[in-house]
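Written out below as C-alpha cells is the structure these notes cover.
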Amino acid sequence: MKLNERSLAFYATCDSPADNAGFLYKRGERHTAYHRRWFVLKGNMLFYFEERESREPVGVIVLEGCTVELCDSAEEFAFAIRFGGAKSRTYVLAAESQAAMESWVKSLSRASFDYMRLVVRELEKQLEEMRWGMAGGCGGHRGLPGSWKPKPSGPERLPERLPALPAVLPKENGCAVWNNVLEADRLSDISGCGGADSEGNPQPPPVPPRRRASSSEAGSTGVAAVQSPSTFCQLHKRYGREVTQLRQDWLERRRGHQ
Numbered sequence: 279m280k281l282n283e284r285s286l287a288f289y290a291t292c293d294s295p296a297d298n299a300g301f302l303y304k305r306g307e308r309h310t311a312y313h314r315r316w317f318v319l320k321g322n323m324l325f326y327f328e329e330r331e332s333r334e335p336v337g338v339i340v341l342e343g344c345t346v347e348l349c350d351s352a353e354e355f356a357f358a359i360r361f362g363g364a365k366s367r368t369y370v371l372a373a374e375s376q377a378a379m380e381s382w383v384k385s386l387s388r389a390s391f392d393y394m395r396l397v398v399r400e401l402e403k404q405l406e407e408m409r410w411g412m413a414g415g416c417g418g419h420r421g422l423p424g425s426w427k428p429k430p431s432g433p434e435r436l437p438e439r440l441p442a443l444p445a446v447l448p449k450e451n452g453c454a455v456w457n458n459v460l461e462a463d464r465l466s467d468i469s470g471c472g473g474a475d476s477e478g479n480p481q482p483p484p485v486p487p488r489r490r491a492s493s494s495e496a497g498s499t500g501v502a503a504v505q506s507p508s509t510f511c512q513l514h515k516r517y518g519r520e521v522t523q524l525r526q527d528w529l530e531r532r533r534g535h536q
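Residue numbers for the sequence shown follow the working numbering, so the first one is 279 and each next one is one higher.
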C-alpha cells in the first residue's frame, strides 16, 4: 500500500478527534526490548510517536486484515496485533494497567472497515425487520415476508361486531336527540323492549319517533314537554348498559370457542 507521508503526518497531528490515545510499550522488530511510545488511534490507522509532543509519527499501523489478541510476554498487560500471511509482522504491545489494556484491545478490534461493514449489515437487517414489523402491524400481520401465509379461500366466520354509536348526533331545540331515520327499517317495535335478531342477539333499545308540536299544541308547552321523546342522557345510559351486556356475552362466547 502506497501512503503519502506528508498527508499521514498531517492527519496524525491535526485537531480531528482520536478514537483512543495513550502510552504503550512497543516491542522492537529486531530487538525484543520494549520502548515507551505515544499511540494515537484515528479510524483504522494506529500512529505512534517517540514522545507525546512529537510533531511527526515514527510509524503507522493500518488495521486491516488483522486480529487483536492477548499474548504471553515478559511485560504485563501485553497484547498482539497479528496479520494474515507467513511474512507478515506481528506487533506486540503492552499497556500500563488492566483497564488500559482492555480499552486498547476493544478499540483496536473495532477500528477496521471489515468490522464497520459487519456492523452496517447488522443495522440494515434490524432496520428491515422493523420496517416489516411496522407494515405488518398496519395490515394486521406481524412477521417477515417469508413467514406470510395466504388465508384459506373457504367461508370463514367473522367475529360478531358490536353496534356502534352514531358519529354525529342531530340537535333539536338545542338538545341532542337520536336520529332514528337509519334505524327505521330495523326497529319495528317502539313499545320499550329491544327484542332480538335471527341469531338471538339482543338489539339496542327502540328509539321513539320525533314528534313536532302542531299549531293547536303550540300554546300548551307543558303538555308538549310531557309527551316529548326521551332525552339524550336517558337513552345514552340505557344504550350503554345494552352495549356492556353485549360485549360481555361476546367475550364469553369467544372464550367458549377457544
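The C-beta atom is built at its ideal place from N, Cα and C for all residues, glycine as well.
- Message: For a test of the three-state rule: what should DSSP assign to K304, helix, strand or coil?
- Response: strand
- Query: Between E400 and the rest of its own chain, which residues show a CB-CB distance below 7 Å, the 5 nearest in sequence each way excluded?
  - Reply: none
- Which of helix, strand or coil does DSSP assign to K365? coil
- Task: In angstroms with no decimal places, state the Cα-to-Cα distance between Q272 and V521.
- Result: Because the chain here runs from 279 to 536, residue 272 falls outside it and cannot be looked at.
- Enumerate in chain order the residues of its own chain whose CB-to-CB distance from G362 is below 8 Å, with the five nearest sequence positions on each side excluded. G343, C344
- Note down, in chain order, each residue of its chain lying with its Cβ closer than 8 Å to the Cβ of R315, except the 5 sequence neighbours on either side. F301, L302, Y303, K304, Y326, F327, E328, V336
- Do F355 and S375 come within 8 Å of each other at the CB atom, strictly closer than that value? The answer is yes: Cβ separation under 8 Å.
- How would you write the range of the alpha helix (DSSP H) that L286 sits in, first residue to last? 283 to 291
- Task: Using alpha carbons as the reference points, say which of M408, H309, G411, L348 lies closest to R381.
- Result: What sits at residue 381 in the sequence shown is Ser, not Arg. Residue L348 is the option with its Cα nearest to S381.
- Message: Just to confirm before moving on: does the CB-CB distance between A290 and F317 stay below 8 Å?
- Response: One thing to note: A290 has its Cβ no nearer than 8 Å to the Cβ of F317.
- Message: Between M412, R525, I339, which has its C-alpha nearest T368's C-alpha?
- Response: I339
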